[in-house]
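Have a look at the structure below before the remarks.
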Amino acid sequence: MDVESSRQQGPKGDSNSNPMAAASEVSVDWRGRPCRPQRHGGMKAAVFVLGIQAFEIMAIAAVGNNLITYVFNEMHFPLSKSANIVTNFIGTMFLLSLLGGFLSDSYLGSFWTMLIFGFVELSGFILLAVQAHLPQLRPPACDMKAAEQCEEVAGVKAGIFFAALYLVALGSGCLKPNIIAHGADQFRRDGEEAVDGGKRLSSYFNAAYFSFCVGEMVALTVLVWVQTRSGMDVGFGVSAAAMAVGLVSLVAGVFFYRNKPPQGSICTPIAKVRTSYQQGAWAVRKII
């Protein structure tokens with residue numbers, strides 16, 4: 001059987017001439033078995049990744065664009081504090097992309113990282129929608145523009161709001177660095193298919209950017225209009241629905257994905273090098 005994980009022989013026929021490079025090309029299916037080029041990978045697998053790319057950005061962009069208005073008008077935070085809450089949310093989301101990349105490369109792999117944190121993000125959208133819909137989970141209605149002394153959200157209600165907001169930040173942050181990477185993993189870049197795989201990979205990146213733009217455009221037009229016309233509870237609900245569709249798209253391609261196995265914690269080899277260095281330095285001092 002021509003399995004995709006077979007190593008390309010070197011000039012002398014030694015399949016182990018470059019074990020690290022060979023190990024980096026190992027890909028498995030969802031059950032941990034070696035991939036078959038005829039069944040796994042390629043654009044037929046990447047198209048499912050494009051689905052979650054489009055729907056995830058659609059969901060998060062729709063929330064982010066009207067979030068400061070919601071925090072000011074519904075949670076009754078002062079405008080300066082509302083802006084600070086939104087910038088902290090966005091900054092945390094992008095900072096957590098480092099965590100997503102670390103977990104993917106070291107322990108979970110890109111598919112499982114996306115699936116787990118996709119549901120984390122979905123739970124945040126649902127919680128935001130529930131709070132926006134139920135008056136008892138929000139402070140009493142008040143017109144912030146009329147310079148009234150409006151009651152700022154506090155206690156359990158504030159806890160629910162920030163928990164929902166940072167569930168979205170955690171999920172989206174850990175999801176983002178893995179979407180493009182998982183799509184790129186579907187294309188072979190070794191052996192006889194290297195040239196053709198490179199062309200398809202370039203086409204994939206073009207398609208990924210297009211799906212990103214489509215999702216952003218829908219969020220900035222249709223979903224923002226829905227939020228303005230029907231309320232933020234409906235808007236958050238639509239974002240949750242978009243995220244759910246994205247997860248369905250991700251799961252639908254599970255039988256076709258090429259998955260790169262995690263390589264273990266990057267801290268382990270660093271610790272080994274440091275220990276070896278300290279032992280060597282100690283031995284030199286003893287000799288001197």
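Residue numbers (UniProt numbering): 1 to 288. Yeah, the Cβ is synthetic: ideal placement off N, Cα and C, and Gly gets one too. All values derive from a computational prediction rather than experimental measurement.
Counting only runs of 3+ residues, no beta strand (DSSP E) is found wholly inside the region 149 to 194. When Cβ pairs closer than 8 Å are counted between the two stretches, the region 145 to 154 is seen not to touch the region 207 to 215, the count staying below three. Taking the CA atoms as reference points, K260 sits about 46 Å from N73. Contact check for G235 and L220: beta-carbon distance about 13 Å, past the 8 Å limit, so the pair fails to qualify. P34 carries a strand assignment under DSSP once its states are collapsed to helix, strand and coil. For F117, the enclosing alpha helix (DSSP H) begins and ends at 110 to 133. Taking the CA atoms as reference points, F255 sits about 23 Å from G101. Note that the C-beta distance between N178 and M114 is below 9 Å. By the neighbour-count definition (other C-beta atoms within 10 Å, threshold 16), A252 is an exposed residue. Taking the Cα of Q136 as reference, the smallest distance to any Cα among D143, A154, V245 is reached at A154. If you draw a straight line from the Cα of M75 to the Cα of L165, it is about 13 Å long.
A residue is called buried when at least 16 other Cβ atoms come within 10 angstroms of its Cβ; C174 meets this threshold and is buried. If you draw a straight line from the Cα of H182 to the Cα of E121, it comes to about 18 Å. Here DSSP, grouped into helix, strand and coil, assigns V28 to strand.
If you check the CB distance, F111 and Y204 do not come in under 9 Å.
Judged by their CB atoms, L170 and L98 are not nearer to each other than the 9 Å cut-off. Pairing Y70 with S265 gives a Cβ-Cβ distance that is not under 9 Å.
A direct Cα-to-Cα measurement between G64 and S276 gives close to 48 Å. Taking 4 residues as the shortest admissible run, the region 205 to 249 contains the following complete alpha helix (DSSP H) segments, listed from N- to C-terminal end: 224 to 230.
Between the C-alpha atoms of L103 and E56 there is a straight-line separation of about 20 Å. C-alpha of I160 to C-alpha of V49: approximately 31 Å in a straight line.
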